[in-house]
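Novice:
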Amino acid sequence: MPTGFALDPDQGLSEADEVRLVRLAADLGYESAWTNSGADAGAFDRCLRWHDASGLPVGISAVPASGRPAPFYAQHAQHLWDATNGRFTLVVGSGLLPRPAQAMRPYLTDLRQRLPAAMPLYVAALGPLMLGVAGELADGVALNWCTAEWIEWSRQTLVTAALAAGRPVPRVVEYVRTAVDPDAELARGRVAAAALRYALGMPACGGSRHRTALQTQRLSPRSAPRACRDRRASNSCGWRPGSIFRSCGSWWPDPVTSNQLAGSSRSAGRFADRGDLWKRSTCSCR
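Heads up: the sequence shown begins at 1015 in the working numbering, then just goes up one per residue.
(1) Can you give, in chain order, each stretch of the alpha helix (DSSP H) that sits fully within the segment 1045 to 1113 and has at least 4 residues?
(2) Can you say whether Ala1030 is buried or exposed, counting buried as having 16 or more other CB atoms within 10 angstroms of its CB?
(3) Does the Cβ of Gly1026 have 16 or more other Cβ atoms within 10 Å, making it buried, or fewer, making it exposed?
(4) Quick one: what does DSSP say Leu1042 is sitting in, helix, strand or coil?
(5) Please check the pair Ser1036 and Leu1070, which I expect to be a contact at CB under 8 angstroms, by giving their CB distance rounded to whole angstroms.
(6) Which residue marks the beginning of the alpha helix (DSSP H) containing Leu1143, and which one marks its end?
(7) Let's see if you can read the secondary structure: which residues bound the beta strand (DSSP E) around Val1155?
(8) Take the Cβ of Met1144 as the centre, count every other Cβ of all protein chains shown within 10 Å, and call the residue buried at 16 or more, exposed below.
(9) Quick check on Ala1132: does DSSP put it in helix, strand or coil?
(10) Could you give the distance in angstroms between the alpha-carbon of Gly1107 and the alpha-carbon of Leu1135?
(11) Which partner residues does Tyr1121 have in the DSSP bridge list?
(12) If you count every other CB in all the chains shown that lies within 10 Å of the CB of Thr1103, and 16 or more means buried, which is it?
(13) Could you tell me the boundaries of the beta strand (DSSP E) in which Val1187 lies?
(14) Roughly how many angstroms separate the alpha carbons of Leu1122 and Pro1112, rounded to a whole number?
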């Protein structure tokens, strides 16, 4: 399964540190480099720096449709596509668009017409309506903050929409949040803080739609589509911010565990190698 590498600019790393980490990711075998984006050109510039430094394909996940009209993103995407020799993927999210699934159809249609035909255009989606839009119009769908069960349900929903539209099934990619730090509590807190922005329905993260999707994942996959359409779901699923912290896992090397893993199996050996990744990543930014 192809695995990419993402850096969140909100972490405040310098451009030099970002480039060091992207080069390290390329050395470690990651196959692409990704960044999130605001309603500006910063992410496009960042992707070009990363590609020039590492040679990796790059992607933005996601630009907010509510932030800029389609021609703005199309212009910058075209430039980046040309500069990377066609090694760029653009993901578009609805942002704060009212009636997002309805509004995204004309937006994506306009954007697609302005982009090179070969450029992959993905949609950031969590619920059944936006997955339906992705199945009809996009080359792929980008999931975020999803359990394994929600990913499987999303895939099935996407397949149904694509087949109904007579299109190939779009590719599914999943953004898995991680944090690397010698202080395990600090790393766990970084991930939890990012999740809280979505779980509490902050406007910059898509408001209550993301909170509803996170809450709904506590239900069975069979009941998820119904609950996700129900506006009352945001108040009925029992989500509590503290549960995010209990859901954020962490791993750090210690002598006992490292010795046990080194002598057990090939899969454990690959897991033990994460200690080297941890050391090299933290050293790269000093």
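For glycine and all other residues, C-beta sits at the position ideal for the given N, C-alpha and C.
Specialist: The answer reads as follows:
(1) Here the runs fully enclosed are 1056 to 1068 and 1084 to 1097.
(2) exposed
(3) exposed
(4) coil
(5) The question names Ser, but residue 1036 in the sequence shown is Val. Indeed, because the Cβ distance is near 7 angstroms, the residues count as touching under 8 angstroms.
(6) Pro1142 to Leu1151
(7) Gly1154 to Asn1158
(8) buried
(9) In the structure shown, Ala1132 sits in coil (DSSP, three-state: anything other than H, G, I, E or B).
(10) 11 angstroms
(11) Note: Tyr1121 is not bridge-paired with any residue in the DSSP secondary-structure output.
(12) buried
(13) Arg1185 to Tyr1189
(14) 15 angstroms
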